[in-house]
Amino acid sequence: MFGCRNISLLTLTTILSACTTLSHEKCAPGEQRVESDLIYFGTAKPKDFVSPQEFDDFLRTEVTPRFPQGITTWRANGQWRAADGSMVHEPTWVLSLAHPDDEASDKAIGEIREHYRVRFEQESTLRVRHMACASF
């Protein structure tokens with residue numbers, strides 16, 4: 013048992029140090045540093061689900077004005093543990109954004125997440141971000 017724990021800690025340390033190394037690498041010529049975000053939006057509402065038309069309207073009114081340079085979305089199936097401890101399985105929308113690493117973008121993403129949460133009666137959304145190199 014003790015050996016497995018050491019292997020797990022060593023693996024975790026290696027993974028974390030690799031992440032640190034990657035975040036400081038230079039981009040290739042013609043590329044620039046960007047922040048890349050994946051935002052996961054659950055679709056289960058108290059009485060029904062967020063429809064594709066409702067999500068398209070949300071993108072048009074909330075996301076596109078804040079990130080007019082472009083977005084990508086796709087459908088997924090998700091699961092997560094709710095505040096009451098129950099396991100929730102639901103269709104999900106994923107939003108992918110590549111944007112400058114700045115306060116304005118961070119604020120805009122916070123607004124998008126909060127507006128979705130309120131509009132569609134969600135407990136939360138999930139944001140996963142990392143630094144990347146991009147060419148446009």
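Counting from 1 along the sequence shown, just add 12 to a position and that's the residue number in the working numbering.
Note that beta-carbon positions come from the ideal geometry of N, C-alpha and C, so glycine has one too.
> Hey, how far is the Cα of Pro-149 from the Cα of Ala-144?
Replying inline: Because residue 149 is not part of the residues shown, which for the chain are 13 to 148, the question remains open.
>> Going by the DSSP bridge assignment, what does Ile-51 pair with across the sheet?
In response: Leu-107, Arg-139
>> Rounding to the nearest angstrom, what Cα-Cα distance links Lys-59 and Phe-70 in this structure?
In response: 19 Å
> Can you tell me the Cα-Cα spacing of Arg-125 and Lys-119, whole angstroms?
Replying inline: 10 Å
> For the beta strand (DSSP E) that Ala-88 lies in, which residues bound it at each end?
Replying inline: 84-93
> For Ser-108, which residues of its own chain have a beta-carbon under 6 Å away from its beta-carbon, when the five flanking residues on both sides are left out?
Replying inline: Leu-50, Thr-84
> Taking the C-alpha atoms as reference points, what is the distance between Gly-82 and Arg-72?
Replying inline: 12 Å
> Taking Cβ positions, are Glu-37 and Ser-117 nearer each other than 8 Å?
Replying inline: no
>> If distances are taken between C-alpha atoms only, which option among His-142, Arg-129, Gly-122 comes closest to Arg-78?
In response: Gly-122
> With distances taken between CB atoms, is the gap from Tyr-52 to Gly-97 smaller than 8 Å?
Replying inline: no
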